[in-house]
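Taking it in order: structure first as structure tokens, then the write-up.
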Amino acid sequence: MHHLQEIDLSLPSLSATELALLAGLGSLARLSIRARKYQDITVQQLRSLCSEPFTALRHLTTEGLDLESCTALLLWISPSRLQELTSDLDPFAPVSTISFERFIDAVGQSCSHTSLSHLQVIAPALNYAEPPLFFRVQATSLRPLLAFGNLATVVIDPPIFIVMDDSILQEMALAWPDLETLSIGIERHSLQEYRVTLPGLIPLAQHCPRLKKLGVVLHATADINEVKLTDFISVSSVDSLQFAGSTITPDRAMEVAAYLSALFPKVDHCGLSAGEVNDCEMSDAWQEVCRACPVFAMVREQERRRQPK
Numbered sequence: 001m002h003h004l005q006e007i008d009l010s011l012p013s014l015s016a017t018e019l020a021l022l023a024g025l026g027s028l029a030r031l032s033i034r035a036r037k038y039q040d041i042t043v044q045q046l047r048s049l050c051s052e053p054f055t056a057l058r059h060l061t062t063e064g065l066d067l068e069s070c071t072a073l074l075l076w077i078s079p080s081r082l083q084e085l086t087s088d089l090d091p092f093a094p095v096s097t098i099s100f101e102r103f104i105d106a107v108g109q110s111c112s113h114t115s116l117s118h119l120q121v122i123a124p125a126l127n128y129a130e131p132p133l134f135f136r137v138q139a140t141s142l143r144p145l146l147a148f149g150n151l152a153t154v155v156i157d158p159p160i161f162i163v164m165d166d167s168i169l170q171e172m173a174l175a176w177p178d179l180e181t182l183s184i185g186i187e188r189h190s191l192q193e194y195r196v197t198l199p200g201l202i203p204l205a206q207h208c209p210r211l212k213k214l215g216v217v218l219h220a221t222a223d224i225n226e227v228k229l230t231d232f233i234s235v236s237s238v239d240s241l242q243f244a245g246s247t248i249t250p251d252r253a254m255e256v257a258a259y260l261s262a263l264f265p266k267v268d269h270c271g272l273s274a275g276e277v278n279d280c281e282m283s284d285a286w287q288e289v290c291r292a293c294p295v296f297a298m299v300r301e302q303e304r305r306r307q308p309k
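The sequence shown begins at 1 in the UniProt record's numbering and counts up by one.
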């Protein structure tokens with residue numbers, strides 16, 4: 001047992017005592033736990049059972065925990081050299097702005113800023129037409145994650161609305177130059193406060209040359225007429241875009257498609273998705289964007305090939 005390097009468990013329930021038994025395995029590098037119930041998962045209880053847990057752990061996946069239990073687990077194993085952290089949250093557990101911010105702070109405090117390259121925190125969406133205030137958190141709460149300079153995958157979609165804007169997206173682009181996948185809040189419906197605009201996507205193309213998959217809630221109604229894309233931006237490697245629940249002005253679908261095709265020329269008809277939009281006109285407009293975007297990209301590519309070298 002002490003030489004085990006990988007464990008994958010699926011249990012009806014898991015207690016702090018049982019978790020502490022696993023924590024003593026000195027060679028365990030990869031742990032995946034799925035349980036329908038967790039008992040006594042508090043940092044005090046865990047520390048009382050094992051003071052030096054998971055000394056070799058590099059990959060941790062949990063499924064079914066709430067945010068507070070995830071926070072307790074991270075604080076318990078601190079300091080850690082985790083390379084991958086995946087938390088599939090219980091979508092029915094109580095959640096608040098405070099519990100989410102504590103979790104993000106725990107990630108920042110517990111994980112090595114140089115080793116962590118994969119962070120995924122997700123939960124199935126619960127349908128709220130207009131969520132109460134305590135279900136919303138400003139994207140500035142994610143700033144502790146900017147210290148992780150080697151992040152390549154960031155997928156954050158908890159059972160709470162993260163209000164993104166252009167400024168925090170630019171901070172992420174500058175902080176995570178090795179980024180390959182970025183997806184934040186695409187399971188939630190759009191809120192009026194969301195302010196990620198089309199020009200706000202430019203820093204990702206400028207500073208994240210390895211970015212392949214992007215998912216954000218987009219506010220595609222802001223004016224983009226004065227924005228000019230430089231030639232070097234159009235070599236972005238992105239091949240998958242998801243703009244679930246995003247807003248758009250229906251009569252500007254072609255303008256949006258032209259912009260996206262210039263910024264992300266490798267995205268084809270299979271790689272662009274706007275998900276579900278409650279407004280029928282907006283939904284139709286996004287479908288137009290999805291159809292037109294690869295056509296614009298193809299035309300631009302043909303024009304580039306005709307230009308003399």
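Think of the CB as a built atom: it goes at the ideal place given N, C-alpha and C, for glycine as much as any other residue.
Cα-Cα separation between Ser32 and Asp8, rounded to whole angstroms: As a working note, residue 32 is residue 32 in the sequence shown. As a working note, residue 8 is residue 8 in the sequence shown. When rounded, the separation of the alpha-carbon atoms in Ser32 and Asp8 is 5 Å.
Backbone secondary structure at Ser69 - three-state DSSP: Counting from one through the sequence shown, the residue named residue 69 turns up at place 69. Secondary structure of Ser69 (DSSP, three-state): helix.
Cut-off 7 Å between Cβ atoms - residues of its own chain near Ser99, not counting five sequence neighbours on either side: In the sequence shown, residue 99 corresponds to position 99, counting from 1. Closer than 7 Å at the Cβ level, and outside the excluded window around Ser99, lie Leu67, Glu68.
Pro294 versus Pro250 - alpha carbon distance: Position 294 of the sequence shown, counted from the first residue, corresponds to residue 294. Position 250 of the sequence shown, counted from the first residue, corresponds to residue 250. Rounded to whole angstroms, Pro294 and Pro250 show a C-alpha spacing of 19 Å.
Beta-carbon contacts of Ala72 that lie in its chain and below 6 Å, excluding the five residues immediately before and after: Mapped onto the sequence shown, residue 72 falls at position 72. Closer than 6 Å at the Cβ level, and outside the excluded window around Ala72, lie Ile41, Thr42, Val43.
Neighbour-count burial assignment, Leu211, 16 or more Cβ in a 10 Å radius: As a working mapping, residue 211 is identified with position 211 in the sequence shown. By the neighbour-count rule (16 or more Cβ atoms within 10 Å), Leu211 is buried.
Continuous beta strand (DSSP E) stretch holding Arg47: start and end: Stepping through the sequence shown from its first residue, residue 47 is reached at position 47. No beta strand (DSSP E) holds Arg47; the alpha helix (DSSP H) holding it covers 43 to 49.
Classification of Arg305 by the beta-carbon crowding that lies within 10 angstroms, buried from 16 upward: Position 305 of the sequence shown holds residue 305. Arg305 comes out exposed.
Presumed contact (8 Å Cβ cut-off) between Glu18 and His59, rounded CB distance: Position 18 of the sequence shown, counting from 1, holds the residue named residue 18. Position 59 of the sequence shown, counting from 1, holds the residue named residue 59. Wrong, their Cβ atoms sit about 20 Å apart, outside the cutoff.
Per-residue DSSP class, three states only, for Gly215: The residue labelled residue 215 in the question sits at position 215 within the sequence shown. The answer is strand: DSSP assigns Gly215 an E or B state.
Burial state of Ala129, where buried means 16 or more other Cβ atoms lie within 10 Å: In the sequence shown, the residue the question calls residue 129 occupies position 129. Confidence at Ala129 is low in this model, with a pLDDT of 49, below 50, so the placement of that residue is unreliable and no value is reported for it.
Ala20 beta carbon near the ligand ATP (any heavy atom closer than 8 Å): The ligand content of the structure shown is nil, which means the ligand ATP is not present either.
Rounded C-alpha distance that separates Ala253 from Gln307: The count along the sequence shown starts at 1 and reaches residue 253 at position 253. The count along the sequence shown starts at 1 and reaches residue 307 at position 307. Those two C-alpha atoms are separated by around 28 Å.
Assumed close pair Ile122, Asp157 - CB separation to whole angstroms, cut-off 8 Å: The count along the sequence shown starts at 1 and reaches residue 122 at position 122. The count along the sequence shown starts at 1 and reaches residue 157 at position 157. Ile122 to Asp157, Cβ: 4 Å. Contact.
CB contact flag (Leu204, Ser236, <9 Å): Within the sequence shown, numbered from 1, the residue matching residue 204 stands at position 204. Within the sequence shown, numbered from 1, the residue matching residue 236 stands at position 236. Yes, Cβ-Cβ distance for Leu204 and Ser236 is below 9 Å.
Neighbourhood of His219 by C-beta, 8 Å cutoff - its chain only, sequence neighbours within 5 removed: Reading the sequence shown from its first residue, position 219 is the one you call residue 219. Excluding sequence neighbours, His219 sits near Ser190, Tyr194, Arg195, Val196, Thr197, Ser246, Thr247.
Residues of its chain near Leu14, where Cβ-Cβ distance is below 6 Å and the 5 sequence neighbours each way are ignored: Translated into the one-based positions of the sequence shown, residue 14 becomes position 14. So the qualifying residues of the chain are Ala35, Tyr38.
Cα-Cα separation between Thr61 and Arg300, rounded to whole angstroms: For the purposes of this step, residue 61 is identified with residue 61 of the sequence shown, where counting begins at 1. For the purposes of this step, residue 300 is identified with residue 300 of the sequence shown, where counting begins at 1. One C-alpha to the other measures close to 43 Å.
Cα-Cα separation between Leu151 and Cys70, rounded to whole angstroms: Counting from one through the sequence shown, the residue named residue 151 turns up at place 151. Counting from one through the sequence shown, the residue named residue 70 turns up at place 70. Rounded to the nearest angstrom, the two C-alpha atoms are 20 Å apart.
Pairwise C-alpha distance: Ile184 and Leu82: Looking up residue 82 in the sequence shown gives position 82. Looking up residue 184 in the sequence shown gives position 184. A straight line joining the alpha-carbon of Leu82 with that of Ile184 spans about 21 Å.
Simplified DSSP state of Ala123, which is helix, strand or coil: Numbered from its first residue, the sequence shown carries residue 123 at position 123. Here Ala123 sits in coil by DSSP.
Coil, strand or helix - Ala56 by DSSP: Translated into the one-based positions of the sequence shown, residue 56 becomes position 56. Judged by DSSP in its simplified three-state form, Ala56 adopts coil rather than helix or strand.
Opposing strand residues paired with Ala220 [DSSP bridges]: Here residue 220 is taken as the residue at index 220 of the sequence shown, counted from 1. In DSSP, Ala220 forms a bridge with Ile248.
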